[in-house]
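This note's numbering numbers the first residue of the sequence shown as -18 and each following residue consecutively.
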Amino acid sequence: MGLGSPESTINALSGGVAGAANIFTGFPFDTVKVRLQASPRGTYAGPVDCTRSILKFEGVRGLYRGLAAPLVGGALETGISYAVYTYTLGQLTAPGDLPSLSFAVPAAAGVAGVVLSFVLSPFELVKCRLQMGTRGTPHYHSGPRQCLQHLLKTEGSLGLTRGLKATIAREAPGNAIFFTVYETLRRSFPGKAAPDNPNPSLWELAKDSASAVGCGGLAGTIMWGL
């Protein structure tokens, strides 16, 4: 299966939509996480206090500062990840064979993690700069464009690669863990539609979707837990 095949295109588009939806719903939590991680000790009593402070002084928009960059990056991230993963998996698996959980799946996922890191890292850099910059501080930027312009002006194009090695170190093994756990669970969890059934019923599609969501959620939890 090539990168330009219909299945790869569908995987990329579906992954892009899913990635954008995931970023939008989880972004406020990420903003709180970044503030807690980067602020001096004692600035906030905890996540609840941090959230209250943001809402009090910045409003709801404060929770979504810097959303545009990761929204685009998240869509590209998931789309590229699934496209590269499915393509590489096809190259490592003989036609008709089930992909190996001990090699093909983690290897394909790791390759996808490295590739997507080069796309994801600049978006994450802009996102973190925007999340940390509150009005009146030296790091404040009015939006992604102004932040990017300032970054290029003060640090040059190489500034966009800041954190790239750390991103690769996170995404490559993280992807390998996620897809390996996901594929393992999908093979054992009930509800998966039969691959030889070209016309599954609505009930079968619903069960398959629920199974995929459950397996994806568990795989993500395990990945971040490790």
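For each residue, glycine too, the CB sits at the ideal point set by N, CA and C.
Following the continuous alpha helix (DSSP H) through residue i, name the residue where it begins and the one where it ends.
i	result
Leu139	Looking at the DSSP string, Leu139 is not in any alpha helix (DSSP H), and its letter there is neither H nor E.
Gly60	49 to 73
Ala187	183 to 206
Phe99	85 to 113
Gly43	41 to 44
Taking the alpha carbon of residue i as the reference point, which residue from the options has its own alpha carbon closest?
i	options	result
Ala175	Tyr163, Thr161, Ser190	Ser190
Ala56	Thr12, Gly43, Ser34, Phe5	Phe5
Ala50	Gly0, Pro179, Thr161	Gly0
Ser209	Thr202, Leu133, Gly195	Residue 209 lies beyond the stretch modelled for the chain, which goes from -18 to 207, so this question has no answer here.
Pro28	Arg16, Pro21, Gly197	Arg16
Glu136	Tyr163, Pro103, Arg46, Thr161	Pro103
Gln112	Asp177, Gly7, Leu44, Gly197	Leu44
Gln72	Arg33, Gly(-3), Val86	Val86
Ile203	His131, Pro9, Pro154	Pro154
Ile158	Ala200, Thr148, Asn180	Ala200
Phe8	Ala19, Lys108, Gly77, Arg22	Lys108
Compare the beta carbon distance of residue i and residue j with 9 angstroms and say whether it is the shorter of the two.
i	j	result
Ser62	Asn156	yes
Phe99	Leu145	yes
Gly60	Gly(-4)	yes
Thr12	Arg33	no
Thr148	Leu101	yes
Ala193	Arg167	yes
Ala88	Thr67	no
May I ask whether a heavy atom of the ligand MN can be found less than 8 angstroms away from the beta carbon of residue i?
i	result
Asn180	As far as ligands go, the structure on display features none, and thus does not contain the ligand MN.
Taking three-plus beta-carbon pairs below 8 angstroms as touching, is the stretch 88 to 96 in contact with the stretch 24 to 42?
no
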